[in-house]
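What the sequence shown shows, in the numbering used here, is residues 105 to 470, in sequence order.
Below: one structure, written as structure tokens.
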Amino acid sequence: MRVVCLAGALGFGMSLGLAGCKTAAAPAPGVTPTVGLRSPWDGTPRQPTAVAYDCGPMLHVSADIAVTGAFVNKNGPASESVKQAVYAESSTALKEFSDRVARAADTYQSTGSDEAAACVVQMELVAAQEHAMDGWMASADAVKEQNKALRAASIAYLKVRPVGLITPDKQALIAAWMLDIVRHERAYYESEKCGEKTCDKRGHRGLEEADAAVSVGIVANDHGLFYGGLSQYRTAIGEIDTRGMLPYDTKGRYALKFHLEAAAALVQIAEFGEDNGEPLYGFDHGKIHLLIRSVTRGIVDPTPYEQANKNARQILPGTLEPWEIGWASLYERRFPDPVIAGLLQQIGGKGADEWGGAPWGAEEGQ
Numbered sequence: 105m106r107v108v109c110l111a112g113a114l115g116f117g118m119s120l121g122l123a124g125c126k127t128a129a130a131p132a133p134g135v136t137p138t139v140g141l142r143s144p145w146d147g148t149p150r151q152p153t154a155v156a157y158d159c160g161p162m163l164h165v166s167a168d169i170a171v172t173g174a175f176v177n178k179n180g181p182a183s184e185s186v187k188q189a190v191y192a193e194s195s196t197a198l199k200e201f202s203d204r205v206a207r208a209a210d211t212y213q214s215t216g217s218d219e220a221a222a223c224v225v226q227m228e229l230v231a232a233q234e235h236a237m238d239g240w241m242a243s244a245d246a247v248k249e250q251n252k253a254l255r256a257a258s259i260a261y262l263k264v265r266p267v268g269l270i271t272p273d274k275q276a277l278i279a280a281w282m283l284d285i286v287r288h289e290r291a292y293y294e295s296e297k298c299g300e301k302t303c304d305k306r307g308h309r310g311l312e313e314a315d316a317a318v319s320v321g322i323v324a325n326d327h328g329l330f331y332g333g334l335s336q337y338r339t340a341i342g343e344i345d346t347r348g349m350l351p352y353d354t355k356g357r358y359a360l361k362f363h364l365e366a367a368a369a370l371v372q373i374a375e376f377g378e379d380n381g382e383p384l385y386g387f388d389h390g391k392i393h394l395l396i397r398s399v400t401r402g403i404v405d406p407t408p409y410e411q412a413n414k415n416a417r418q419i420l421p422g423t424l425e426p427w428e429i430g431w432a433s434l435y436e437r438r439f440p441d442p443v444i445a446g447l448l449q450q451i452g453g454k455g456a457d458e459w460g461g462a463p464w465g466a467e468e469g470q
């Protein structure tokens with residue numbers, strides 16, 4: 105039985121009105137940030153410190169990625185020897201790379217450690233020089249893991265950008281590497297033919313790709329990529345129904361999990377947009393709030409998602425895990441919500457970084 109407990113009332117009877125919500129302040133009219141497209145960390149550089157940080161040995165992530173046994177390659181078949189070599193080399197290093205750059209970036213943010221910031225830059229330089237995760241993707245699941253790692257890397261970069269350690273030549277190399285990956289991802293999803301009930305590019309996976317496009321767009325100051333991701337956000341918000349659900353993610357036993365991943369991506373995109381003068385939380389009469397309410401209440405009681413899917417029992421961990429709700433700390437800062445606050449209290453400060461390129465799924469291959 106799934107265990108989710110809240111301190112205090114759940115607040116299911118509270119009004120859906122948002123009159124008491126805090127709103128984001130847009131940049132002053134006519135002001136162009138000196139760094140171009142802004143991230144949430146550009147305005148709050150940390151005071152540099154000499155706090156020691158052990159970066160550890162450099163990781164060497166392969167260009168080709170295989171994370172499952174199902175080798176489905178849109179670019180043509182690969183030999184069995186290539187498959188096995190890629191599988192052995194790629195999956196562990198990819199996840200370790202994501203964890204390490206996120207941890208180093210967060211250490212810089214919390215301590216101001218120059219060594220932690222330098223660790224992020226050095227790890228990403230090595231990855232860029234070696235074209236990490238920029239080759240053959242063995243399956244749709246490999247593309248999803250590639251996307252998670254790209255989001256972790258781009259967000260870690262943005263967290264340490266204010267320290268001033270990234271010289272123009274390093275910036276150009278890292279940005280070119282990230283741009284190459286995100287363009288391959290976009291081409292992958294754009295090649296998909298959507299069916300009546302199935303369309304990855306308009307569901308949670310496509311929104312995670314849009315999240316990567318927005319963050320990489322800020323890294324590279326690529327306005328086309330940035331605003332393309334915002335366009336995907338607006339399309340998704342327009343598709344949210346009166347239940348607070350997305351049509352292409354309302355399917356089967358993983359519907360709630362898919363919606364949690366979609367919500368995480370949409371909230372991050374909204375945050376990036378707000379920092380660049382785009383009032384995304386208010387788009388289409390604020391329909392994103394319907395989605396956030398639906399998924400956060402769904403964590404406590406998934407009945408609406410079961411009813412929307414022929415009473416299919418929703419697959420989630422037995423107890424609340426950080427990936428399910430950590431992303432909502434961003435939202436709750438702007439729009440205080442007692443249910444979300446109670447769920448966040450349960451996970452404390454451990455687990456998923458709200459900006460780290462997660463959430464990692466409850467089940468592999470979803």
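We put the beta carbon where it would ideally sit given N, CA and C, even for glycine.
Bear in mind that the values here come from a model prediction, so they are computed numbers and not experimental data.
Query	Result
Is the segment 337-357 touching the segment 288-295 in the sense that three or more CB pairs, one from each, lie closer than 8 Å?	no
For the alpha helix (DSSP H) holding Ile392, just list the boundary residues, first then last.	Ile392 to Val404
Can you tell me where the alpha helix (DSSP H) with Leu364 in it begins and where it stops?	Ala359 to Asp379
Using a Cβ-Cβ cutoff of less than 6 Å, which residues in the same chain neighbour Tyr212 once the five nearest sequence positions on both sides are dropped?	Ala220, Ala221 and Val264
Quick check on His389: buried or exposed, where buried means 16 or more other Cβ atoms within 10 Å of its Cβ?	exposed
Is DSSP giving Ser214 helix, strand or coil here?	helix
Within the segment 283-357, note down every full beta strand (DSSP E) run reaching 3 residues or more, in order along the chain.	none
Determine which residues share a DSSP beta bridge with Ile169 and list them.	Met241
Would you check if there are 3 or more beta carbon pairs closer than 8 Å linking the segment 310-330 to the segment 361-376?	yes
With C-beta atoms as the reference, is Ser202 less than 8 Å away from Lys252?	yes
Near Asn380, what residues of its chain come up, given a Cβ to Cβ distance below 7 Å and the 5 sequence neighbours on each side ignored?	Leu141 and Arg142
Evaluate Pro426 with the Cβ neighbour count: other Cβ atoms within 10 Å of its Cβ, from every protein chain shown; 16 or more gives buried, anything less gives exposed.	buried
Output yes or no for whether 8 Å exceeds the beta carbon distance between Ala374 and Leu384.	yes
Please name the residue, chosen from Val320, Val165, Ala276 and Arg438, that lies closest to Ala200 on a Cα-to-Cα basis.	Ala is not the amino acid found at residue 200; the sequence shown has Glu there. Answer by Cα proximity: Val165.
Is Ile444 near Lys391, with beta carbons less than 8 Å apart?	no
Would the beta-carbon of Arg397 fall within 8 Å of that of Gly452?	no
Tell me which residues share the same chain as Met227 and place their Cβ nearer than 6 Å to its Cβ, disregarding the 5 neighbours each side in the sequence.	Val205
Taking the alpha-carbon positions, what's the Trp145 to Gly446 distance?	26 Å
Give every residue of the same chain whose Cβ lies closer than 7 Å to the Cβ of Pro149, excluding the five residues on either side of it in the sequence, and list them in chain order.	Pro266 and Val267
Does the distance from the CB of Ile169 to the CB of Ala242 come in under 8 Å?	yes
Does the beta-carbon distance from Leu269 to Val320 come in below 8 Å?	no
What do you reckon, are the CB atoms on Ile429 and Phe376 nearer than 8 Å?	no
Just the C-alpha distance for Gly307 and Thr153, rounded to the nearest angstrom, thanks.	42 Å
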